[in-house]
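Taking it in order: structure first as structure tokens, then the write-up.
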């Protein structure tokens, strides 16, 4: 990709997404002896950065394919994001959701006119159901984190951050399926090459950390982290980008995630989801790296179940 | 007060307070068919608008009195605000707190170097302890909501809101001890005379509603509302201002407060305290008043105990 092509990605999706605010906090700066800039995608439409990638993926489809609709399987933020993006663009969105998905998430998808198909709560059932919908309707499958157009769209959050705050020493972002960090590191490489991109990951699902060590995509044996958005594994399209452009991964404990989330809610008065707190926890965990540095953090989302808080 | 005098109040406190953001929300606008502007004092230093009044009250003391310190009794946001304001201005702050005050609130006061005196949890004990400290130290007593200089300081939140958004049809703010709404209505009268100021109050502590009906300060028999910041009664200094400049009071039920708080946390991703949710609940309760209007809301604070949420 060229710098011009990446700029075009941003120009294409710009009319459909919020330019989210970049917040600072005296209290957070004091806590870590750094100057921290939070790119608040929790304020993005649908409550997460995923609207960016979803919008870009749909916009990249040929007219003919768009008319046949799109399909994905997701129980999380991508389900809402794709439904919303599709609605904004007048495209039909089929969302395959596991029967275990909470009603709140199903309702959010319905609000954006997403067409839900419920399946058994396992990957095989999800994939089978998606394939069936593809066959029956001609809809295009869009993967939540491994689709290249999705990856490019996700990177535009860091593009906006870099435009607003130049000379960042670091950008930290959470790593789940790898779409966000791949896009972030690609845009950062092109528009702020001196800025190092660091991934943040729970110890309990440290597949990205292990993948970078081994040089191949590793999976997680267990996945009971509180950071429910980060349970998925890296993909074949985003992993090479991550290998090339990501400086390192910082791993954090579950209690550190909860503490970071509490800090942001209590002191900064904004609602962030556990996956985003992972990035704050990484910042607080390794103060020697970030001391006196300018650090950007991608606050990936703010979708939480208020009935299931860890406090 | 003249318009120039009120402007001076703002100029005096300006260096010591955050100019808090004014947020909007498509979702909130859609919910009430109005254009709503939230003046976010939850992002104010110490987490509430009370820093404004506290700062103004201290700045108005003669040098000689400032040197002797100040004293107040409060278990809530004013305790933190006065401690912080005093620290910023190099003044000693004595805070009388009931023994029932949660440790989190005591610690917040200590963080700002406030000197805590614990007393029995009733008004008589608080007043006696405050009087004793005044006698012993020469400290000046500053009332959280009935001190005229405090009232004037609190009004500066609405001043900033009006500067940013002209032609508001309404400003809604919660009513507790009456300091915020008195200051708000005074500034609004001077700087945006066509804007009507509406108070929002829980049914369970509707003393302001009843006071405006009867023409004298009424008290509350019970005070078990979730909006813990609104339990106090109006005072002799703020009541005449409220009678003169406040258009009406809208009362809301406890469940309406919780629902409004949930809406703002879930949809707008910001942490507001129950007292602030009372103002949102009032907006949602009487849609016919606010339909197609421009409505400002003072989000008074964001200090909540995450271990005691109503969700």
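Protein chains in written order, with my numbering: chain A, 3 to 313; chain B, 3 to 313.
For each residue, glycine too, the CB sits at the ideal point set by N, CA and C.
Worksheet item: So what does DSSP say about residue 176 of chain B, is it helix, strand or coil?
Response: strand
Worksheet item: Can you name the start and end residues of the alpha helix (DSSP H) that residue 57 of chain B belongs to?
Response: 52-61
Worksheet item: Of all the residues that make up the region 257-283 of chain B, which are near chain A by a beta-carbon distance shorter than 7 Å?
Response: 264, 267, 268, 271, 272 and 273
Worksheet item: How would you list, in chain order, the residues of chain A whose beta-carbon sits under 8 Å from the beta-carbon of residue 304 of chain B?
Response: 271
Worksheet item: Just checking my contact of residue 299 of chain A with residue 286 of chain A at CB under 8 Å: how many whole Å lie between their CB atoms?
Response: Residue 299 of chain A to residue 286 of chain A, Cβ: 11 Å. No contact.
Worksheet entry | Where the region 32-58 of chain A meets chain B: residues whose CB sits under 7 Å from a CB there | 44, 45 and 49
Worksheet item: residue 231 of chain B versus chain A: which residues are under 9 Å apart at the beta carbon?
Response: Those do not exist, as residue 231 of chain B stays about 15 Å from chain A at its closest Cβ, beyond 9 Å.
Discussion item. According to DSSP, residue 205 of chain A sits in a beta bridge with which residue or residues?
Written reply: Residue 205 of chain A pairs with nothing; no bridge assigned.
Worksheet item: Interface residues of chain A around residue 311 of chain B at Cβ under 9 Å?
Response: 308, 311 and 313
Discussion item. Distance check for residue 177 of chain A and residue 163 of chain B, CA to CA, integer angstroms please.
Written reply: 39 Å
Discussion item. Distance check for residue 132 of chain A and residue 43 of chain B, CA to CA, integer angstroms please.
Written reply: 47 Å
Practice prompt. Tell me whether residue 99 of chain A sits in a helix, a strand or coil according to DSSP, three-state version.
Written response: strand
Worksheet item: Closest to residue 240 of chain A by CA distance: which of A:201, A:149 and A:306 is it?
Response: A:149
Fill in: Validate contact between the region 55-72 of chain B and the region 27-39 of chain B using beta carbons, cut 8 Å, 3 pairs
no
Discussion item. Just to check my reading of the structure: residue 207 of chain A and residue 246 of chain A have Cβ atoms closer than 8 Å, yes? What is that Cβ distance to the nearest angstrom?
Written reply: Their Cβ separation, rounded to whole angstroms, is 22 Å, which puts residue 207 of chain A and residue 246 of chain A out of contact at 8 Å.
Item to complete: Give me the Cα-Cα distance between residue 50 of chain A and residue 120 of chain B, rounded to the nearest whole angstrom.
Response: 45 Å
Practice prompt. Assign residue 224 of chain A to buried or exposed, taking buried as 16 or more other Cβ atoms, counted over all protein chains shown, within 10 Å of its Cβ.
Written response: exposed
Worksheet item: Count the other CB atoms within 10 Å of the CB of residue 275 of chain A; is the residue buried (16 or more) or exposed (fewer)?
Response: buried
Worksheet item: How about the region 138-146 of chain B and the region 263-280 of chain B: do they share at least three Cβ pairs that are nearer than 8 Å?
Response: no
Worksheet entry | residue 122 of chain B in three-state terms, based on DSSP | coil
Item to complete: Specify, as a first and last residue, the run of the beta strand (DSSP E) that residue 249 of chain A falls within.
Response: 248-254
Worksheet entry | Contact set for residue 192 of chain A: own chain, Cβ-Cβ below 6 Å, skip 5 residues either direction | 5 and 8
Fill in: Whole-number beta carbon distance between residue 74 of chain B and residue 146 of chain B, since they are thought to touch under 8 Å
6 Å
Discussion item. By the three-class DSSP mapping on this structure, what secondary structure does residue 191 of chain B have?
Written reply: helix
Discussion item. Rounded to whole angstroms, what is the Cα-Cα separation between residue 306 of chain B and residue 10 of chain B?
Written reply: 33 Å
Worksheet entry | residue 153 of chain A, enclosing alpha helix (DSSP H) - first and last residue | 150-156
Fill in: chain D within 8 Å of residue 39 of chain B, Cβ atoms only
The chain inventory of the structure shown lacks chain D, comprising the protein chains A and B.
Worksheet item: Comparing alpha-carbon positions, which option in A:153, A:103, A:41 and A:76 lies nearest residue 3 of chain A?
Response: A:153
Worksheet item: Between the C-alpha atoms of residue 12 of chain B and residue 158 of chain B, what's the straight-line distance to the nearest angstrom?
Response: 6 Å
Worksheet item: Does the distance from the CB of residue 231 of chain B to the CB of residue 79 of chain B come in under 8 Å?
Response: yes
Fill in: Classification of residue 46 of chain A by the beta-carbon crowding that lies within 10 angstroms, buried from 16 upward
buried
Worksheet entry | Three or more C-beta pairs below 8 Å linking the region 82-91 of chain B and the region 57-65 of chain B | yes
Practice prompt. Taking the CB atoms as reference points, tell me whether residue 201 of chain A and residue 237 of chain A lie closer together than 8 Å.
Written response: no
Discussion item. In whole angstroms, give me the CA-to-CA distance for residue 98 of chain A and residue 76 of chain A.
Written reply: 6 Å
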